[in-house]
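Take a look at the structure set out below.
In the numbering used here, the protein residues as written are 117 to 206.
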């Protein structure tokens with residue numbers, strides 16, 4: 117994941133756009149109280165596979181990225197989209 121580009125994710129027959137940008141990082145920080153750049157650094161270093169990034173943190177980041185395109189996005193729906201598209205985040 118980086119701060120460029122938009123990816124399309126499918127869930128329940130619908131396409132959802134996700135962009136990890138500054139707005140997404142700010143939403144992540146509002147939800148978790150954690151530093152978004154620190155999470156990106158962990159992800160870049162294989163933190164997900166190494167168990168250094170938790171499910172709630174990843175869901176919050178995905179939520180922020182989806183919310184940038186859909187004001188009605190919820191944490192719960194972001195989790196469902198993450199469940200449907202797990203390979204997009206590995």
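A virtual CB, placed ideally from N, CA and C, is assigned to each residue, including glycine.
Residue interval of the beta strand (DSSP E) (run including residue i)
i, result
"residue 77", "In the structure displayed, the chain extends from 117 to 206; residue 77 sits before or after that span and is not available."
"residue 133", "130-134"
Rounded C-alpha distance that separates residue i from residue j
i, j, result
"residue 136", "residue 180", "7 Å"
"residue 127", "residue 159", "23 Å"
"residue 129", "residue 190", "18 Å"
Three-way DSSP call (helix, strand, coil) for residue i in this model
i, result
"residue 187", "coil"
"residue 166", "coil"
"residue 195", "helix"
"residue 149", "coil"
Extent of the continuous alpha helix (DSSP H) to which residue i belongs
i, result
"residue 154", "152-160"
Can you find at least 3 beta carbon pairs, one from the region 178-193 and one from the region 140-149, that sit closer than 8 Å?
-> yes
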